[in-house]
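Participant: Numbering (UniProt numbering), first residue to last: 16 to 418.
For reference, the structure I am asking about is given below.
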Ligand code: HEM
């Protein structure tokens, strides 16, 4: 053991040397005077018919965390799954309301939920490895192999379990990630953490659509509350235990920003079919006006048929889903030659729908066949998950599955 430090010497030495005492006072005061613009206490209810984090407003930060079940036998895997879901339910219910988790080594970090949501999804392995195959939703299987895919199965594999942790405060996300992971450590193997962000809360009006790192306004055409019951939430028709759940497709899509920046702005706009300045369709009007795919300019379509929005637009009402993606901008990783690229950025594309096969897959197949944007974007990770129905107070997530 080193020499004991006195409280006085710690305070005097550290605060004196770094001027921290003065800084801390200034921070406390500015938070006070900010008043209404402090959002740390905002709470999104954890319990309910549906899990939060799907149709609730996207927060500034996310961690998607992929785990596999660490178990040898079917019986062990099923017990592990039941135990994990009990712990996650209990801890998430507490953390999301700003209370420490049951075994929380840093309870002080739990005080600022900042709209924390914890959303739990099951991959195909949670059913096949536990003897619950008969209860697996029909669409819960890996997506078909698309010709555009360059999936790094070692780095970003499909996993048995998914945690989606969203909050406006990255410290809250880090703390919830650590607590929820360490409290089930013996039962899981961590495979990956995918960290994402949108605009900081308060940096612009909440109604303004996010931009992705290619600079485009991203998220204009999306489902709204009137669509959620028919297109997002499951009604239990196929698997009664799943009523109130939904499906999630998570695609990690790398952007080649170095080559994208070589393209002139007019060509960048033709690639997507929308204006960079405000996200309005190239056929005219404002951001939320309908694109006119028949409009010609100088004899040529204003919105090219090969553009992202022309290809992605639903051809039947069934081909629709909720997009709720986040940007990623990770530290560059050296290539095979040891050289660091300038950036390691892209989109954590997340889509939620009742049925992956009939809603998402046809659109993805069309984009994989042709989409002008494909020249600069590459899917490198892919996963499909059953987002469990919400838990009622006193119940655990997945109770209807494991009953
Ligand atoms: C629309 C970007 C991947 C489906 C858009 C828009 C942008 C965009 C800028 C126009 C604004 C809007 O309505 O949100 C991107 C980027 C991607 C990507 C940068 C990859 C890095 C995907 C994927 C899918 C998809 C993988 C589905 C498989 C859609 C749909 C629309 C859309 C359905 C709305 C089309 C409409 O009806 O107007 N995307 N997107 N996108 N995107 Fe993507």
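We treat Cβ as the ideally placed atom computed from N, Cα and C, and that holds for glycine.
On a predicted model such as this, the values are computed, not experimentally measured, just so you know.
Tell me whether residue 177 sits in a helix, a strand or coil according to DSSP, three-state version.
Facilitator: As a position in the chain shown, residue 177 is number 162, starting the count at 1. The answer is strand: DSSP assigns residue 177 an E or B state.
Participant: With a CB to CB cut of under 7 Å and the five nearest residues on each side skipped, what residues in its chain are close to residue 39?
Facilitator: Looking up residue 39 in the chain shown gives position 24. The predicted model places residue 39 with a pLDDT of 31, which falls under 50 and marks its position as unreliable, so this point remains unresolved.
Participant: So, at 6 Å on beta carbons, what are the nonlocal neighbours of residue 180 in its own chain, with the 5 sequence-adjacent residues on each side left out?
Facilitator: Here residue 180 is taken as the residue at index 165 of the chain shown, counted from 1. Contacts found: 78, 133, 188, 191 and 192.
Participant: Where do the ends of the beta strand (DSSP E) carrying residue 394 lie?
Facilitator: Stepping through the chain shown from its first residue, residue 394 is reached at position 379. 392-402 is the span of the beta strand (DSSP E), which, as asked, contains residue 394.
Participant: Would a C-beta distance cut-off of 9 Å place residue 233 and residue 362 closer than the cut-off?
Facilitator: In the chain shown, residue 233 corresponds to position 218, counting from 1. In the chain shown, residue 362 corresponds to position 347, counting from 1. Cβ distance < 9 Å, so residue 233 and residue 362 count as in contact.
Participant: Helix, strand or coil for residue 359, going by three-state DSSP, please let me know.
Facilitator: Along the chain shown, one-based indexing puts residue 359 at 344. Here residue 359 sits in strand by DSSP.
Participant: Can you check whether the CB of residue 334 is closer than 9 Å to the CB of residue 377?
Facilitator: For the purposes of this step, residue 377 is taken as the residue at position 362 of the chain shown. For the purposes of this step, residue 334 is taken as the residue at position 319 of the chain shown. Against a cut-off of 9 Å, the Cβ pair of residue 334 and residue 377 comes out as a contact.
Participant: Using 8 Å as the cut-off, can you tell me whether the stretch 149-166 makes contact with the stretch 52-68, which would need three or more C-beta pairs spanning the two stretches below that distance?
Facilitator: They do not touch, by the three-pair rule.
Participant: Tell me residue 267's beta-bridge partners as DSSP assigns them.
Facilitator: Locating residue 267 in the chain shown gives position 252, counting from the first residue. DSSP, once it has assigned bridges, lists 363 and 396 as partnering residue 267.
Participant: What residue does the alpha helix (DSSP H) around residue 414 start on, and which one ends it?
Facilitator: For the purposes of this step, residue 414 is taken as the residue at position 399 of the chain shown. Element bounds for residue 414: 414-417.
Participant: Taking residue 375 as the reference, which of 208, 406, 392 and 327 has the closest Cα?
Facilitator: Locating residue 375 in the chain shown gives position 360, where the first residue counts as 1. Nearest of 208, 406, 392 and 327 to residue 375, Cα basis: 327.
Participant: Have a look at residue 86 and residue 101 and give me their C-alpha separation to the nearest angstrom.
Facilitator: Numbered from its first residue, the chain shown carries residue 86 at position 71. Numbered from its first residue, the chain shown carries residue 101 at position 86. Computed Cα separation, rounded: 17 Å.
Participant: Nearest CA to the CA of residue 97: which residue from 397, 226 and 147?
Facilitator: By 1-based counting over the chain shown, the position of residue 97 is 82. Of the listed residues, the one whose Cα sits closest to residue 97 is 147.
Participant: Quick one: give me the first and last residue of the beta strand (DSSP E) that residue 76 is part of.
Facilitator: As a position in the chain shown, residue 76 is number 61, starting the count at 1. Residue 76 -> beta strand (DSSP E) spans 76-84.
Participant: For residue 345, which option in 209, 402 and 365 has the closest C-alpha, if you only look at C-alpha atoms?
Facilitator: In the chain shown, the residue the question calls residue 345 occupies position 330. Looking at the Cα atoms, 209 is the closest of the given residues.
Participant: Considering only residues of the UniProt domain "Dyp-type peroxidase N-terminal" (66-213), which uninterrupted alpha helix (DSSP H) runs meet the minimum length of 4 residues and lie entirely inside it, listed in chain order?
Facilitator: Here the runs fully enclosed are 89-111, 140-143 and 185-197.
Participant: Report yes if the C-beta distance between residue 131 and residue 111 is below 9 Å; otherwise report no.
Facilitator: Walking along the chain shown from the start, residue 131 turns up at place 116. Walking along the chain shown from the start, residue 111 turns up at place 96. Yes, these two residues count as a Cβ contact at 9 Å.
Participant: Determine the DSSP secondary structure at residue 52, reduced to helix, strand or coil.
Facilitator: Position 37 of the chain shown holds residue 52. Helix at residue 52.
Participant: What do you get for residue 237, buried or exposed, if any count of 16 or more other CB atoms within 10 angstroms of its CB means buried?
Facilitator: For the purposes of this step, residue 237 is identified with residue 222 of the chain shown, where counting begins at 1. Result: exposed.
Participant: Measure the CB-CB distance between residue 54 and residue 212 and report whether it falls below 9 Å.
Facilitator: The residue given as residue 54 occupies position 39 in the chain shown. The residue given as residue 212 occupies position 197 in the chain shown. Contact: no.
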